[in-house]
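Reading through the structure tokens given below for one structure.
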Ligand SMILES: [Zn+2]
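In this note's numbering, the protein residues as written are 12 to 484.
Right, dumping it as structure tokens:
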């Protein structure tokens, strides 16, 4: 509790009883406890921290209970959904909520809304409490944040250690998923606003000078158990149960936001990420909205960088038709290595000697020369080796206009989609742990929370954590 909170508590008729007698009691207990810790030679500042935390929490809990009750008492008896006056009102419906400071019990008014044909508790709405769960908004946020970072069992233990809040694993899991579904609805609403050109508030500040917008795409897979116990049925129907599913991701940023770190590695100051398990169509709409927020319509140039996957270039042609396209350099070089290994299997030295000049051509953007070299090689070969080289030749033909790496270096643009690949790896650290299985709805909900956090839009889900700077969570 900070001093400014204490000062802002009004006196006179709206004073808080918690600050009268109990506060003297509490001060005495706290100072006695602290004095003991100061005397004890084996106690550190850590013990002092624990003592203060233990002693203040009780007071904070009482204060929260009292203030919440006041807020509940002053909520007008109208339906929070439609505004209709409630009938058949009864008072003192008690409910206990889990809060940052421990359990808090509130007495609320209940009434019937004739228009909605539902029982309503106006106080719950005013306090940001849900009918489904008994977590306070602060605890809702805690569950959402920690569960999107680590598995529920671990999250439960971490929350209890750091805050003292006891959230059993199942409760935490249920609450986090509920918040995740809420995040999905919020994302849908925000994306819809962008699509209808009503999202000016969501736009990032754009520079005066002409700028390039970079978009990178990639995919990874996740293991789900939606079809558990149904394998036999699926096989009887002639299918094969699918455990692994694609998660599609994209990121976008302005080129001027890509800077060098002290160690010489590229770092992106501000960017927007999307990640979804709901297919390429869902990714396309989410990424389009994200790109609009980052100035898609205002950009002098749009550049899409990705590996060779067909879905990527179909999506790009569909949603970002004007964009310049670039094949990730590392993926291209791997395809050249495939040719080298087909020509000289188990002769690493010769493969290396052969590939040198071709890699230089690839790197310097001399694509026509590279293609004619590969064609000449293929002509000299027969059977399997020829097939192998021709298949790689087709790959380079397909991507011939996406390989001007010299131009990329000259204009300081990324030659690869490393930024997106590393983002995918970070999501995998949470969502692809050994022994983990997901359900489609479960992983989408938690991934959506993670994405709100990364995109610095956490305060849109939990407005109580928004303190002034819109860039800050
Ligand atoms: Zn109503």
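We put the beta carbon where it would ideally sit given N, CA and C, even for glycine. These figures come from a predicted structure and were not determined experimentally.
Check: Could you compute how far the alpha carbon of residue 4 sits from the alpha carbon of residue 119?; Outcome: This structure cannot settle anything about residue 4, because the visible part of the chain is limited to 12 through 484.
Check: Just verifying my parser: in three-state terms, what is the DSSP assignment at residue 7?; Outcome: Residue numbering for the chain in the displayed model covers 12 to 484; residue 7 lies beyond these limits and cannot be assessed.
Check: In whole angstroms, what is the alpha-carbon distance linking residue 219 and residue 313?; Outcome: 17 angstroms
Check: Let me know the alpha helix (DSSP H) ranges lying completely inside the region 369–412, each 4 residues or longer, listed in chain order.; Outcome: 378–391, 394–409
Check: Is the beta carbon of residue 261 closer than 7 angstroms to that of residue 228?; Outcome: yes
Check: With DSSP run on the structure shown, which of helix, strand or coil describes residue 260?; Outcome: strand
Check: Tell whether a beta-carbon distance below 7 angstroms holds between residue 370 and residue 381.; Outcome: no
Check: For ligand 1, I want to know if residue 127 counts as a neighbour, meaning its beta carbon is within less than 6 angstroms of at least one of the ligand's heavy atoms.; Outcome: yes
Check: Does ligand 1 have even one heavy atom less than 6 angstroms from the beta-carbon of residue 89?; Outcome: no
Check: Are there any heavy atoms of ligand 3 lying less than 6 angstroms away from the beta-carbon of residue 92, as far as the coordinates show?; Outcome: Within the structure as shown, ligand 3 is missing, the only ligands being ligand 1.
Check: Please report the Cβ distance between residue 151 and residue 122, rounded to the nearest whole angstrom; I am assuming they are in contact, meaning their Cβ atoms lie under 8 angstroms.; Outcome: In fact, because the Cβ distance is near 25 angstroms, the residues do not count as touching under 8 angstroms.
Check: Report the three-state DSSP secondary structure of residue 337 (helix, strand or coil).; Outcome: strand
Check: With C-beta atoms as the reference, is residue 72 less than 7 angstroms away from residue 132?; Outcome: no
Check: I need the straight-line Cα distance from residue 4 to residue 134, nearest angstrom please.; Outcome: Given that the chain is displayed from residue 12 to residue 484, the structure contains no residue 4 and the question cannot be resolved.
Check: Locate the alpha helix (DSSP H) running through residue 113, then write down its first and last residues.; Outcome: Element bounds for residue 113: not the alpha helix (DSSP H) but the beta strand (DSSP E), 113–124.
Check: Looking at ligand 1, does it come within less than 6 angstroms of residue 124, judged from the CB to the closest heavy atom?; Outcome: yes
Check: Considering only residues of the region 204–249, which uninterrupted beta strand (DSSP E) runs meet the minimum length of 3 residues and lie entirely inside it, listed in chain order?; Outcome: 223–234
Check: Tell me whether residue 79 is buried or exposed, calling it buried when 16 or more other Cβ atoms sit within 10 Å of its Cβ.; Outcome: buried
Check: Please check the pair residue 418 and residue 376, which I expect to be a contact at CB under 8 angstroms, by giving their CB distance rounded to whole angstroms.; Outcome: 6 angstroms
Check: Do the CB positions of residue 330 and residue 295 come within less than 7 angstroms of each other?; Outcome: yes
Check: Under DSSP, the alpha helix (DSSP H) around residue 294 begins and ends at which residues?; Outcome: 290–304
Check: Which residue marks the beginning of the alpha helix (DSSP H) containing residue 320, and which one marks its end?; Outcome: From DSSP, residue 320 is part of no alpha helix (DSSP H); its letter is neither H nor E.
Check: Which one of 44, 338, 87 has the shortest CA to CA distance from residue 429?; Outcome: 338
Check: Determine, using beta carbons only, whether residue 460 and residue 283 come nearer to each other than 7 angstroms.; Outcome: no
Check: Between residue 128 and residue 182, what straight-line distance do the alpha-carbon atoms span, to the nearest angstrom?; Outcome: 29 angstroms
Check: Is the Cβ-Cβ distance between residue 265 and residue 222 less than 7 angstroms?; Outcome: yes
Check: If you draw a straight line from the alpha carbon of residue 347 to that of residue 403, how long is it in whole angstroms?; Outcome: 8 angstroms
Check: Report whether the distance from the Cβ of residue 95 to the nearest heavy atom of ligand 1 is below 6 angstroms.; Outcome: yes
Check: Whose CA, out of 454, 204, 174, lies closest to the CA of residue 287?; Outcome: 454
Check: Classify residue 176 as helix, strand or coil using the three-state DSSP reduction.; Outcome: coil
Check: Check residue 88 in the structure and name its three-state DSSP category.; Outcome: coil
Check: Can you check whether the CB of residue 137 is closer than 7 angstroms to the CB of residue 86?; Outcome: yes
Check: Let's test the definition: count the other Cβ atoms within 10 Å of the Cβ of residue 474 and tell me whether it reaches 16, buried, or not, exposed.; Outcome: exposed
Check: By how many angstroms is the C-alpha of residue 215 removed from the C-alpha of residue 280?; Outcome: 13 angstroms
Check: So the candidates are 193, 105, 326, 89; which of them puts its Cα closest to the Cα of residue 98?; Outcome: 89
Check: Using the DSSP secondary-structure output, state which residues sit across from residue 314 in a beta bridge.; Outcome: 225, 335
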